[in-house]
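Input: a single structure, listed below in structure tokens.
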Amino acid sequence: MIDDLFSELDKPNYLHCVIDNKPSGLTFADIFNSNKYTSIKAVTFSASSSLVEMLSNRFEDVEIVIGIEGSTLAESYIKCLTNTNRVKEFETLSKSNQEKIKSGAVKFYEPLKKVHSKIYLLKGAEDILVLVGSANASNTALRSFDQFEELVGWTNNQAIFEIYQKRFEEIKNYCIPYYPNIIISEEGSKTADHTVGKNKKGIPIEEKAFDEIMTALGAQEVLVTREQVEDDITSLETNIKSRTTEIETLKIIKEAIPKTISSKQVINLKSIMKKVAPKIMERKLTVPLLEDQDDLRREMFYDKEKNTLNLSVMDGIVKPLHIGTMETNKRALEAIVEFCDLYKEYTDGRNEEVATLAMECMLYGLFSPLVWKLRQDNDPGVRRDIPIGLLLIGETRTGKSRWLRFFNALIGNSESHLFTFNKPPFKAKRADMRMKNLMMLYESKNLFPILIDEIKSDFFSASAVEEGIKGISNDLDTNHPVIIGTLNEKQFMVPEQVMNRLYLIRFDRQFDESRKLESETRYNTLIQTIGENGPVFFYDFLIRMLERLHERKYLYNPIDFLEPARFTMLEYFKELQVEVPKWFPKGKVDSYSNWCRKTWETIFLLADKRNELNYFKEKSGRSFFTFYNMEFIIQNIKSRNPEEIVSMLPANCKKQPNPLSIYCDAFAEYLEIPLNSEGRPVLNIEEINTDKKSILKRISRILGF
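704 is the number that numbering that gives the first Met the number 0 gives the last residue of the sequence shown; the numbers go up by one with no jumps.
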């Protein structure tokens, strides 16, 4: 008996159909029988793409309302005008189905209000079928895979068919096209990036595209009431997770409804389209971010036809970037040089290398709105080699945040334009939410860099973030901004996948606390100078860079991706008759490789002085050394395991991993140090204080413990 019971449970009747008041074994094939029916009208809460494609293939006439969960009037309206993903989605359909949608034989709709109904109306030359129930238009629901569903139906019942056909039309009246006219037009795919895409955040559209936007709602009537709009506003304003964009759009629509119309009177949204569309497109709307963070960046967009970068300013006015004068450009350049000099003058050791790092970051920052173009203009195979962001790494008091604030002022932003991701993720969910923030910002097409101060190192260790950065770098092939952030991290603990796709520059010299007042005074004076000068040098630099890239004068150099920015900056020094500082970066900074080299230099120094090395020779005469006590070395390099330490060495240095044996000649070449008469590496003792305390201090500074 028990065996029989479980035998029955193994094969449940998931899809339960009652047709004409009788239980029926109606199957998926019976419902969507194209030999019997030629047209289908359906309302479904959700639909699988494969089923939608199948319905389009099978039937001559298709109309489907897909009830997206949680859609409000604003959400649907914005999607209609701004959703570039719909373009890509449309292009994935088969050519025959694209043509059916263009001709109107196949229509998909998106409701302005929540729809949970499931209605199927099928009609043929002789037969009609009505089905209502719980099953969505998905393979899981209708093919009886693993969930219980109910369908009640009537065959050839004209009265019932007319009742539900009327209901279908009633729901359709509150819908907009899932694929608006602007997407499915002949030039839709060509103009989508220029028209729809540029309105991702409500940015004004060119006048010639306005007629297309005006007809984007399609031919059907869209009916709303003032009460409906007001209810949506109230609902969104009381929800702390609401999108600013939705609320602002709804308020614009509400303002456009004549005051003489009562709150419950139904009006045609198309009748106020002329008033609503320009305001929505011209209103400065922010990208909706999670965790109450709004995108307050200024707005810069690329015009492909004119090859210009345009700014969106107050009241929807758009204007191209303007060049600076000789005077303003020289003032900005001198301020940049003096700012970088602060790193040389006020940090430990007064090392020129720190000024080089500050200028290298400046080159990436000035070039950042055009990183996408360098990636787009080159072979997809090298796209991942062009970093989609810059990370300034270092411990406190190394000037990372100071650099970010100076650059923020240089590009014309205020302090409020900085993002903060300074709370450690702890849970994967929070890291995932912040990755969604970054994804939305990257897809916004606003080319102003995303400046993030004090990112916690564990943010990048979350799998969602690591995969997200990898996906953006490999797959994003449209106009996009980049991130520029600071990371409080003594060591390079960023995952390799992230490290390979971001430009990491490490600051390891701390500012002298005893001279803090002096350095802060000079820094604040420079900030004031840059603020008074405005962002004209930034704009001038971008205009010049864009011209060079467009003319293909600067091509991608795999050894130095910033070569175009480097040459452009040197042009300014020459034209403005400003002396090029000795520390100006001559090529790409490889902080990680430099750090690895310094790490092994210090390990070797410490081990050599403690006689922890054993030297040997192969039969060929080639010398190598092994560590007598590797455990001692590992103990002095906290938060690094042996595998990580060994992986820092180039492969040609390693003779064998256990015990770790290193070729003397290759190791000396790696550290750029000489060999003595016995073929052993020798560090320049005159330049390195071998006092034990000095050695340990050097290790502490380099390795960060």
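Built from N, CA and C at the ideal position, the CB exists for glycine as well.
{"Query": "For I63 and K40, what's the separation of their Cα atoms in angstroms?", "Result": "6 Å"}
{"Query": "Cα separation between F160 and I232?", "Result": "37 Å"}
{"Query": "Helix, strand or coil for D539, going by three-state DSSP, please let me know.", "Result": "helix"}
{"Query": "Count the other C-beta atoms from every protein chain shown that fall within 10 angstroms of the C-beta of K117, then say buried if there are 16 or more, exposed otherwise.", "Result": "buried"}
{"Query": "Spell out a yes or no on whether the stretch 484-497 and the stretch 447-456 are touching, meaning 3 or more CB-CB pairs, one atom from each, closer than 8 Å.", "Result": "yes"}
{"Query": "Among I661, E394, F167 and W582, which has the Cα closest to the Cα of E344?", "Result": "W582"}
{"Query": "Can you give me the Cβ contacts of D126 inside the same chain, cut-off strictly under 8 Å, excluding the 5 residues immediately before and after it?", "Result": "K35, Y36, T154 and N155"}
{"Query": "Rounded to a whole number of angstroms, what is the C-alpha to C-alpha distance between H15 and K305?", "Result": "60 Å"}
{"Query": "Answer yes or no: do D376 and L548 have a C-beta to C-beta separation smaller than 8 Å?", "Result": "yes"}
{"Query": "Just how far apart, CA to CA, sit D607 and R505?", "Result": "27 Å"}
{"Query": "By how many angstroms is the C-alpha of T477 removed from the C-alpha of M299?", "Result": "15 Å"}
{"Query": "Do I526 and A665 have their beta-carbon atoms positioned less than 8 Å apart in this structure?", "Result": "no"}
{"Query": "Would you report the Cα separation of I449 and G586, rounded to the nearest angstrom?", "Result": "24 Å"}
{"Query": "Measuring straight from C-alpha to C-alpha, what distance separates E617 and D507?", "Result": "39 Å"}
{"Query": "Under the rule that 16 or more other beta-carbon atoms within 10 Å means buried, what is G24, buried or exposed?", "Result": "exposed"}
{"Query": "Please classify S513 as buried or exposed, where buried requires at least 16 other C-beta atoms within 10 Å of its C-beta.", "Result": "exposed"}
{"Query": "Cβ of L310 within 8 Å of Cβ of R297?", "Result": "yes"}
{"Query": "Taking C-beta to C-beta, are K99 and S38 nearer than 8 Å?", "Result": "no"}
{"Query": "Could you give the residue range of the beta strand (DSSP E) that holds P110?", "Result": "V105 to P110"}
{"Query": "Could you compute how far the alpha carbon of P494 sits from the alpha carbon of P658?", "Result": "27 Å"}
{"Query": "With C-beta atoms as the reference, is I410 less than 8 Å away from F537?", "Result": "yes"}
{"Query": "Taking Cβ positions, are W594 and L648 nearer each other than 8 Å?", "Result": "no"}
{"Query": "Kindly indicate the opening and closing residues of the alpha helix (DSSP H) around I30.", "Result": "F27 to I30"}
{"Query": "Do V381 and P110 have their CB atoms nearer than 8 Å?", "Result": "no"}
{"Query": "L670 and R609: beta carbons closer than 8 Å?", "Result": "no"}
{"Query": "Is Y163 helix, strand or coil by DSSP?", "Result": "helix"}
{"Query": "Given a cut-off of 8 Å on the beta-carbon distance, is the pair L605 and F624 in contact?", "Result": "no"}
{"Query": "Would K106 be called buried (16 or more neighbouring beta carbons within 10 Å of its own) or exposed?", "Result": "buried"}
{"Query": "Per the DSSP calculation, C16 is bridged to which residue(s)?", "Result": "S23 and L150"}
{"Query": "Run through DSSP, which three-state label would V336 get?", "Result": "helix"}
{"Query": "Three-state secondary structure (DSSP) at I385?", "Result": "coil"}
{"Query": "Report the rounded CA-to-CA distance for Y173 versus V228, giving the unit in angstroms.", "Result": "13 Å"}
{"Query": "Just the C-alpha distance for S460 and G388, rounded to the nearest angstrom, thanks.", "Result": "16 Å"}
{"Query": "What's the gap between the Cα of I18 and the Cα of V151?", "Result": "6 Å"}
{"Query": "Return the first residue and the last residue of the alpha helix (DSSP H) that R621 is part of.", "Result": "Neither: R621 is in no alpha helix (DSSP H) and is coded neither H nor E."}
{"Query": "Strictly by DSSP, which residues pair up with R297?", "Result": "Paired residues: none, contrary to the question."}
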